[in-house]
Amino acid sequence: MAKQLRDKVITFTVYANGDEEYGIAELSLPDLEFITSTIKGGGLAGELEVPTLGQLKAMKATITWQIVEKSLSKMARQRYQQVEFRGAQQTENTETGDLEVAAVSIQLGGWVTKTALGKLANTETTGSTTELSVNSLKAVVDGYEMYNIDVMNGVCIIDGVDYWADIRKALGK
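Counting in my numbering, the sequence shown runs from 0 upward without gaps.
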């Protein structure tokens, strides 16, 4: 199989709560930060910070809109929001030099915690933003599921490894 040089996102489209297409935006993806505990004591030459299996700190994503538009107010509704970013990423086949396209899908679920209308200035975008408290995240590139996280339902699958499988088993689920 040819090696792929991953290059850039060509473009993407924002969909919310089904297949409703929303406006032009940029997305700052959430950080995946695990809950940790510090171990220290006799027999150790210092402290260890140890992650807890399948337990994540609160995640946030920020959507930046080009202008004040209906998408901004629709996202500000006080209800659970499901947002999907469907895009095309450019890769280069290193054997042939051909430029190819890989499909990417980022799906986020959660509640909007902040809406900023931005600023008005001649010939400029507003920089309006929506902050989303993320409790579910799924990232798929060319059919390969990289991340599937659902905090409310005990799902933490990263690169095909289900970190909650043994936890569910221990709980009798």
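For glycine and all other residues, C-beta sits at the position ideal for the given N, C-alpha and C. Please read all numbers here as calculations on a predicted model, not as lab measurements.
For residue i, tell me which candidate among the options has the shortest Cα-Cα distance.
i	options	result
Asp161	Ile9, Gly42, Gly53	Gly53
Ser104	Tyr14, Glu32, Leu170	Tyr14
Pro29	Lys56, Ala44, Ile9	Lys56
Val122	Ile66, Gly153, Asp149	According to the sequence as given, residue 122 is Thr; it is not Val. If we check each option's Cα against that of Thr122, Ile66 comes out closest.
Ala101	Tyr143, Lys118, Trp64	Tyr143
Met58	Asp165, Phe33, Thr95, Ser127	Phe33
For residue i, which residues does DSSP report across the bridge?
i	result
Gln88	Val8, Ala101
Thr124	Beta-bridge pairing links Thr124 to no other residue.
Glu130	Thr61, Lys113
Ala15	Glu19, Val82
Ala44	Per DSSP, none; premise fails for Ala44.
Leu26	Ile62
Classify residue i as helix, strand or coil using the three-state DSSP reduction.
i	result
Lys172	coil
Lys59	strand
Val150	helix
Ala75	coil
Lys69	helix
Asp165	helix
Lys137	strand
Thr95	coil
Gly53	strand
Ala1	coil
Glu32	coil
Gly108	strand
Let me confirm a value: residue i is counted as buried when at least 16 other C-beta atoms fall within 10 Å, else exposed. Which label applies?
i	result
Ser72	exposed
Ile148	buried
Ile38	exposed
Ile62	buried
Ser36	exposed
Val150	buried
Tyr21	buried
Ala60	buried
Ile24	Here the sequence assigns Ala to residue 24, which means Ile is not the residue at that position. By the 10 Å Cβ count, Ala24 comes out buried.
Thr51	exposed
Val133	buried
Assuming residue i contacts residue j under a Cβ cut-off of 8 angstroms, what Cβ separation, rounded to an integer in Å, is found between them?
i	j	result
Lys172	Gln88	Not confirmed; about 36 angstroms, so no contact.
Gly108	Lys118	So it is not a contact: roughly 29 angstroms between Cβ atoms.
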